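When you line the sequence shown up against the UniProt record's numbering, it's residues 1 to 276, in that order.
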Amino acid sequence: MTSVDVLSEDAPFDLLFSEAELEAHREHITTFIEDTVEAAGADGAVLGLSGGIDSTLTAFLAVEALGEENLHGLVMPSVANAEDMMSDAEGVAEMLGIEYDVVEIQPIAETFFDTFPEAADDRMAAGNVYVRTRAVLNYFVANHENRIVLGTGNRAEAMTGYFTKYGDQAVDCNPIGNLYKQQVRQLAAHVGVPEELVLQTPSAEMWSGQTDEGELGLTYDALDAILALHVDGPLSKSATVRHLGVTEEQVDRVVGLVAGSAHKRSMPPAPSALDV
């Protein structure tokens, strides 16, 4: 797969790496994973496998860093998960030759719903229960096996808060956390992830039919571009609109997501020290 294949025809900006840069990022991330495991005195890593591109790329890089014998995958479906995504998750584990377990989390989630039934029909609250249940299981296995938990979050998700607090970001490290989604796809293709996984529609699958871009309100390519040039970069809002061909409303949407999710990227606040 070439670099052009992972860039949609209407992408407003090209953030793709050169071949040399791809190899540099590959080496940098695998070294980071290896060093993080070593620094923790751990025997390997645990990774939740969703069948999506972020967890799949993280799995490929973790096996390259640690060896297949030192990565334990967990496939944790609920009723919200599409069957083909879970099949993809198992397929990734089998492709890489890693140990993995399938843990049905619906019975665990139902315990929460039965305990507080008035919230069970709240789609967002229920979806977050699934995500946080997976985090608990990741750490349950990791603690038992003296492993660390690898996260799968990318830069676009982290900056906009597109993750569940104390859920999918309840991890020990995020190996691909500096990559925009466009770059995640490109690096995945570069390391040999199958094309159908590289190009599939991203979904957190917190409920049936959910898609990332539907919830975010714009495509990942547009999100990446606005983050890179306006939020991370030097362009004003008007310059961003002119340069990318996006709308002011889209830029405002991204800026609002970044500002509104700041609490997710910080430790819980406490009062300042009282001088008495």
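For glycine and all other residues, C-beta sits at the position ideal for the given N, C-alpha and C. Just so you know, these numbers come straight off a predicted model, no measurement behind them.
CB-CB length for Ile33 against Ala11, believed under 8 Å: The Cβ separation is near 29 Å, so there is no contact.
Three or more C-beta pairs below 8 Å linking the region 80-99 and the region 171-190: no
Nearest candidate by alpha-carbon position, reference Asp172, set Ala188, Phe163, Ala142 and Leu74: Ala142
Entirely enclosed beta strand (DSSP E) segments - the region 73-103, minimum 3 residues: 99-102
Spatial distance of Ser238 from Glu248 (CA atoms): 8 Å
For Val136, three-class secondary structure by DSSP: helix
The region 90-110 in contact with the region 38-46 per 3-pair CB rule at 8 Å: no
Test item: CB-CB of Thr58 and Thr152 under 9 Å: yes
Arg155, buried or exposed, once every other Cβ within 10 Å from all chains shown has been counted against 16: buried
Cβ contact check for the region 158-169 and the region 255-263: 3 or more pairs under 8 Å: yes
Beta-carbon gap between residue 348 and Val37 smaller than 9 Å: With the chain covering 1 to 276 only, the question about residue 348 has no answer from this structure.
Whole runs of the beta strand (DSSP E) within the region 132-219, excluding any shorter than 3 residues: none
Cβ-Cβ distance between Leu137 and Met76 below 9 Å: yes
Extent of the continuous alpha helix (DSSP H) to which Val63 belongs: Ile53 to Leu66
Residue environment, Pro269, which counts as buried when at least 16 other CB atoms sit within 10 Å: exposed
Closest Cα partner of Phe17 within the set Lys264, Thr111, Val241 and Gln186: Gln186
Neighbourhood of Ala222 by C-beta distance below 7 Å, restricted to the same chain and skipping five residues each side: Pro12, Val246 and Gln250
Counted within 10 angstroms of its Cβ, other Cβ atoms place residue 290 as buried (16 or more) or exposed: In this structure the chain extends from 1 to 276, so residue 290 is not present and cannot be described.
8 Å contact criterion, which Gly214 and Arg253 should meet: CB distance rounded: Incorrect: roughly 13 Å between the Cβ atoms, too far for contact.
Strand pairing of Ala262, partner residues [DSSP]: Note: Ala262 sits in no beta bridge, so no partner.
beta-carbon Val193 near the ligand ZN non-hydrogen atom, thresh 8 Å: No copy of the ligand ZN appears in this structure; indeed no ligand is present at all.
Beta-carbon spacing of Ala135, Tyr100 below 9 Å: no
Best match in Pro234, Glu9, Tyr220 and Gly177 for proximity to Ser203 [C-alpha to C-alpha]: Tyr220
Whole-angstrom C-beta distance between Thr30 and Glu64, which should lie under 8 Å: 5 Å
Element boundaries [beta strand (DSSP E), containing Ala45]: Ala45 to Gly48
Secondary structure of Ser223, DSSP reduced to three states: As written in the sequence, residue 223 is Leu, which differs from the Ser given in the question. If DSSP states are grouped into helix, strand and coil, Leu223 belongs with the helices.
Endpoints, the alpha helix (DSSP H) within which Glu112 is located: The sequence given here has Phe at residue 112, not Glu. It spans Gln106 to Thr115 - the alpha helix (DSSP H) in which Phe112 sits, taken as one unbroken run.
Endpoints, alpha helix (DSSP H) assigned at Phe32: Glu19 to Ala39
For Leu15, three-class secondary structure by DSSP: coil
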